[in-house]
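*Asks:* Residue numbers (my numbering): 8 to 103. Glycine residues also receive a C-beta, built at the ideal position from the N, C-alpha and C atoms. Below: one structure in structure tokens.
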Amino acid sequence: MPTGTEFALVHNGEQNIVVKVLGLTDEFLFNGEMYTCEAQELYDSVEEFFEAFNWTHPDDGLDRRFIFSVHLLDEAQQAEREHPSGVFLSSASAAS
Numbered sequence: 008m009p010t011g012t013e014f015a016l017v018h019n020g021e022q023n024i025v026v027k028v029l030g031l032t033d034e035f036l037f038n039g040e041m042y043t044c045e046a047q048e049l050y051d052s053v054e055e056f057f058e059a060f061n062w063t064h065p066d067d068g069l070d071r072r073f074i075f076s077v078h079l080l081d082e083a084q085q086a087e088r089e090h091p092s093g094v095f096l097s098s099a100s101a102a103s
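Set out below in structure tokens:
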């Protein structure tokens, strides 16, 4: 994991969690239009970490504890709007 890497977790109050990985450079992330080996390893390890805390019903693969997606943010995405690290609840969950 590169020095300065931070995470933002956005939860919508239901089952969806978005994991944003911040502090990454384009040089670390991309080899042309593809992820570098290091970026792919980071993506896979974050995905594996969250999957370890997940649960799937043995008789129904669609019945899961949560659904998550991992986003490795490039420099432009980090600059276009503020992505502070931490845990955030979307407006859907704040209203509950």
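Should residue 21 be labelled buried (16 or more other beta-carbon atoms within 10 Å of its own) or exposed?
*Replies:* Walking along the sequence shown from the start, residue 21 turns up at place 14. Classification for residue 21: exposed.
*Asks:* Let me know if residue 94 comes out buried or exposed under the rule of 16 or more other beta-carbons within 10 Å of its beta-carbon.
*Replies:* Position 87 of the sequence shown, counted from the first residue, corresponds to residue 94. Exposed, by the Cβ-count rule.
*Asks:* Roughly how many whole angstroms lie between the Cα atoms of residue 37 and residue 65?
*Replies:* Taking the first residue of the sequence shown as 1, we reach residue 37 at position 30. Taking the first residue of the sequence shown as 1, we reach residue 65 at position 58. Each residue's Cα considered, the two are about 37 Å apart.
*Asks:* Is the separation between the beta-carbon of residue 31 and that of residue 15 shorter than 8 Å?
*Replies:* Translated into the one-based positions of the sequence shown, residue 31 becomes position 24. Translated into the one-based positions of the sequence shown, residue 15 becomes position 8. Not in contact: residue 31 and residue 15 (Cβ atoms no closer than 8 Å).
*Asks:* What residue from 84, 23, 86, 75 has the CA that sits closest to residue 54's CA?
*Replies:* Working through the sequence shown from its first residue, we reach residue 54 at position 47. Looking at the Cα atoms, 75 is the closest of the given residues.
*Asks:* Go to residue 57, then tell me how far its alpha helix (DSSP H) extends in each direction, as first and last residue.
*Replies:* Here residue 57 refers to the residue found at position 50 of the sequence shown. Its alpha helix (DSSP H) spans residues 44-59.
*Asks:* For the alpha helix (DSSP H) holding residue 33, just list the boundary residues, first then last.
*Replies:* Residue 33 sits at position 26 when you count from the first residue of the sequence shown. Run containing residue 33: 33-36, per the alpha helix (DSSP H) assignment.
*Asks:* For the alpha helix (DSSP H) that residue 87 lies in, which residues bound it at each end?
*Replies:* Taking the first residue of the sequence shown as 1, we reach residue 87 at position 80. 82-87 is the span of the alpha helix (DSSP H), which, as asked, contains residue 87.
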